[in-house]
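Quick note: the sequence shown uses this note's numbering, first residue 4, plus one each step.
Here a beta-carbon is modelled for each residue, glycine too, at the ideal position from N, C-alpha and C.
Below is one structure, written out as structure tokens, with a few remarks after it.
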Amino acid sequence: MKGSHLEQILQTTAQTSEAVESEDLGPCASRPMPREWTGLYVLNGKEDTVAFQYVHLGFASYSASGTSFVIEFNVPEKCKLTVKGRKLWKVFVNIHHHALEWIKKADRDFDDGDKPVITDIKVELVAEGDA
Numbered sequence: 004m005k006g007s008h009l010e011q012i013l014q015t016t017a018q019t020s021e022a023v024e025s026e027d028l029g030p031c032a033s034r035p036m037p038r039e040w041t042g043l044y045v046l047n048g049k050e051d052t053v054a055f056q057y058v059h060l061g062f063a064s065y066s067a068s069g070t071s072f073v074i075e076f077n078v079p080e081k082c083k084l085t086v087k088g089r090k091l092w093k094v095f096v097n098i099h100h101h102a103l104e105w106i107k108k109a110d111r112d113f114d115d116g117d118k119p120v121i122t123d124i125k126v127e128l129v130a131e132g133d134a
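Here you go:
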């Protein structure tokens with residue numbers, strides 16, 4: 004699979020805190036911060052804004068296609084955050100590093116070079132036993 008999305012991810016190197024601080028993820032995510040945030044705001048267009056505390060971060064999965072990821076927060080109910088779009092790896096990793104203050108669904112689908120585009124965000128309560 005030469006040139007695959009996962010191959011590109013594996014070839015990236017760890018960034019210094021200076022590089023992370025100056026990294027621009029475009030209009031779909033805050034700039035990563037070198038010091039951890041306590042929580043993540045999910046700005047979902049015309050739907051309610053949801054906030055999660057990073058301390059409740061649980062299961063996470065990034066799709067092999069690079070077009071979505073799922074993160075669960077245990078708050079004490081389990082909530083599943085599903086994010087769809089393009090070029091989402093940096094958003095996914097920065098959430099794990101507790102480096103993002105917010106993510107936002109794009110007002111429209113746009114192509115902005117190498118910047119992430121979030122086209123859909125879904126927040127769902129996971130019923131007990133459905134995990």
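Query: Collapsed DSSP secondary structure at E24 in the structure displayed; Result: Here the model assigns E24 a pLDDT of 48, short of 50, so the residue's position is not dependable, and the following value carries that caveat. In the structure shown, E24 sits in a helix (DSSP, three-state: H, G or I).
Query: Euclidean distance between Cα positions of S33 and L128; Result: 25 Å
Query: Where E131 falls, given that 16 or more other Cβ within 10 Å makes a residue buried; Result: exposed
Query: Cβ shell of L46 (< 8 Å), same chain only, five flanking positions each side left out; Result: T52, W105, I106, K107, K108
Query: Residue range of the unbroken alpha helix (DSSP H) whose run includes N97; Result: 92-99
Query: Heavy atom of the ligand ZN within 7 Å of Y65 beta-carbon; Result: This structure lacks the ligand ZN; in fact it carries no ligand of any kind.
Query: Opposing strand residues paired with T85 [DSSP bridges]; Result: V73, K125
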